[in-house]
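Its first residue numbered 2, the sequence shown is counted upward by one per residue in this note's numbering. Idealized CB from N, CA, C, for every residue including glycine.
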Amino acid sequence: MPETVRRSPGMFAAFIGIGLVSGFMSGLFGVGGGIMIVPLLVMLAAFGQKLASGTSGASIIVTASVGVIAYAIEGDVDWLAALLLAAGGIVGAPFGAHFLRVLRERIVRWIFIGFLVAVMVSLVFVVPERGVGIDMGFWVGASLVGLGLVTGVLAGLIGVGGGVIVVPVLIVVYGTSDLVAKGTSLMMMIPTTIVAAARNLRNGNVDLLAAMCLALATVVTTPLGALVAAALDPAVANWFFIAFLAVITVQMVVIAVRGRR
């Protein structure tokens, strides 16, 4: 049964405010913004969890598209890598939703927390070089599909955005520029979020008016976030990203601990 939300005078202002903040963070870190949109819709707009997730996913299509344009103008998108990642992600997402019925979500969440901690430690010692792309080959391409597959599974299983996984892995494992990692991550999200949004729309889990407000707001601030990312020194940008991952890790720990209780 589709969820319904009562409109209030301040609700549209909340949508715009959430969109402005998430758009800037999306452009700055190369993430979709759902990690912020979903809890804010629940807290500020009284959305249910499913409706918030579906609405967030629909708005992210526009957010990611605008972000890709901003990064592509400077040549910071690896189109082939993004398509390979997306191919794996599209296949993996339904498996994640299926595994949610079989596996203990709490165990997977703690494994993901461990992954984030390892990434943060790695980023302390790895400072990306600007202008460095992915040296593509058969095995590299195959591994990118595998990375997309794992990302899709985790997205379907515990609701994490692809950028939180893809961006640090592209920097640490593939040695790519932080800007290329962010631009490629945003490009990867477009086809995967379209598939997810279509399914959520059929299930009645998308508030189209709210998604439209969120998307229009992100159009304003996503390019600004991308400009700030390009202007930052790589080492400084690294520390900002580490801080961003730390906030997500704390959020995941709180959810995991509450789930255990």
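Length of the line joining the Cα atoms of residue i and residue j
i, j, result
"residue 49", "residue 12", "15 Å"
"residue 26", "residue 66", "14 Å"
"residue 95", "residue 200", "11 Å"
"residue 2", "residue 212", "For residue 2, the pLDDT reaches just 39, beneath the cut-off of 50, and the residue's location in the model is therefore unreliable, although a value from the coordinates is still provided. Approximately 19 Å between the Cα atoms of the pair."
"residue 214", "residue 37", "15 Å"
"residue 57", "residue 70", "20 Å"
"residue 231", "residue 33", "18 Å"
"residue 153", "residue 107", "18 Å"
"residue 136", "residue 210", "42 Å"
"residue 52", "residue 151", "24 Å"
"residue 233", "residue 85", "28 Å"
"residue 46", "residue 202", "19 Å"
"residue 79", "residue 134", "7 Å"
"residue 263", "residue 155", "Residue 263 is absent from the structure shown; the chain starts at 2 and stops at 262."
"residue 191", "residue 221", "18 Å"
"residue 241", "residue 115", "20 Å"
"residue 251", "residue 208", "29 Å"
"residue 235", "residue 184", "15 Å"
"residue 55", "residue 39", "9 Å"
"residue 196", "residue 93", "12 Å"
Spatially closest choice to residue i from the options, by CA coordinates
i, options, result
"residue 122", "246, 96 and 255", "246"
"residue 62", "82, 194, 207 and 238", "194"
"residue 128", "250, 182 and 223", "182"
"residue 83", "241, 188, 259 and 192", "188"
"residue 43", "16, 235, 59 and 240", "16"
"residue 243", "223, 170 and 220", "170"
"residue 35", "165, 239 and 208", "165"
"residue 205", "68, 59 and 18", "59"
"residue 141", "117, 131, 163 and 177", "177"
Expected contact under 8 Å - CB spacing of residue i and residue j to nearest Å
i, j, result
"residue 21", "residue 218", "5 Å"
"residue 257", "residue 110", "5 Å"
"residue 216", "residue 64", "7 Å"
"residue 186", "residue 173", "Actually they are not in contact, since the Cβ atoms of residue 186 and residue 173 sit about 14 Å apart, beyond 8 Å."
"residue 113", "residue 253", "7 Å"
Residue range of the unbroken alpha helix (DSSP H) whose run includes residue i
i, result
"residue 168", "163-173"
"residue 12", "12-30"
"residue 219", "209-232"
"residue 58", "50-74"
"residue 47", "It is not in any alpha helix (DSSP H) - residue 47 carries neither H nor E in the DSSP assignment."
"residue 196", "179-203"
For the 8 Å Cβ check, are there 3 or more pairs between the stretch 224-233 and the stretch 66-76?
yes
Contact the stretch 77-92 vs the stretch 138-148: 3+ CB pairs below 8 Å:
yes
Is the number of C-beta pairs between the stretch 105-124 and the stretch 244-259 that are closer than 8 Å three or more?
yes
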